Structure formats: structure tokens, C-alpha cells
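To start, the structure itself, in C-alpha cells.
Numbering (full-length UniProt numbering), first residue to last: 1 to 148.
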């Protein structure tokens, strides 16, 4: 998914014949002053890098079409704050994942991958909120059930 408000650098793999169109669309979406890098043939003998703004890239590549594999990096939005989710938001995400059949540890990993919060912090929230519920469901004494 493409977002002009993304807090991280975005990477796009663009076919050479669609580079002009991509740069036009990127300039209108991100703005002509957003910094970018256009890399050609990364990790190969003839690799090339071009650096500048999207507006400059649009001008430069309007007259030339590079060949080979093209990778475009677009800088993050300037001064874009990374929003840390609240504890209740984390609990809601964990609850949704657990109710959909994910284990506690898998739910914690999925939530941690999608946020800037440390996995250890999310795990402690998960144990505090859902540990007792899951423990009673998954760790019942099998002998106790047979005696009843």
C-alpha cells in the first residue's frame, strides 16, 4: 500500500518502460520536493544510482529510459511522528488475533511486527490481560475432567 504520510522510506520495483509514468504519479502523490533514489541493476557490475527530488527525476527521466531492473526509493514524510499505539489498542489487536485462533505468542509477534512497540512489552500486556484466560482453556488437568 502506498501512503504519502508513511513514516518510513518506501521502496518500489518499477519496470523501465513504466518509470516515466511512475515518476509522474509519485510526484503528484508525494510532491515534487520529496527526495528519491533511482537505482539500476543493484548488485550487478553496471549498477547506477541517481539521487534528487521526484520533480528533478521526472525531468531527467522524461528524455531517457534506463534499461534493466529499476528500484525507486522515496523518502519518508518529513517530521512524520511515529504513533505509538495505546495499551487498549494493543489489547484490542491481541484480542482479535487470539479470537481468530492464533496462539498468544503468534498474536504477540504479529502485533509487534506492525508497531514500534517492543515485543517484550506487548507480551507482558498479553500475559496480564489474556494469560489467565488462555491458561485455563489450554492447561486444564485432564485427570480432573475424567473424575467429574
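Don't be surprised by glycine CBs; every beta carbon is placed ideally from N, CA and C.
Everything numeric in this text was worked out from a predicted model, so none of it was measured.
Assumed close pair residue i, residue j - CB separation to whole angstroms, cut-off 8 Å
| i | j | result |
| --- | --- | --- |
| residue 38 | residue 57 | 6 Å |
| residue 91 | residue 129 | 5 Å |
| residue 66 | residue 40 | 5 Å |
Cβ neighbours of residue i in the same chain (closer than 8 Å, five flanking residues each side left out)
| i | result |
| --- | --- |
| residue 52 | 35, 36, 60 |
| residue 122 | 90, 94, 108, 111, 112, 115 |
| residue 97 | 106, 107, 110, 111 |
For residue i, three-class secondary structure by DSSP
| i | result |
| --- | --- |
| residue 14 | strand |
| residue 7 | coil |
| residue 142 | Note that residue 142 scores 45 on pLDDT, short of 50, meaning its location in the model is unreliable and no value can be drawn from it. |
| residue 115 | coil |
| residue 103 | coil |
Residue i at chain B interface by Cβ criterion, 8 Å
| i | result |
| --- | --- |
| residue 41 | Protein chain content of the structure displayed is limited to a single chain, and chain B is not contained in it. |
Contacting residues, own chain, Cβ-Cβ under 7 Å from residue i (five flanking each side not counted)
| i | result |
| --- | --- |
| residue 77 | 4, 5, 6, 7 |
| residue 49 | 37, 39 |
Own chain, CB closer than 6 Å to residue i, minus 5 neighbours either side, in chain order
| i | result |
| --- | --- |
| residue 26 | 54 |
| residue 124 | none |
Uninterrupted alpha helix (DSSP H) stretches inside the stretch 19–94 (no shorter than 4 residues): 19–30, 54–60
Validate contact between the stretch 93–109 and the stretch 39–48 using beta carbons, cut 8 Å, 3 pairs: no
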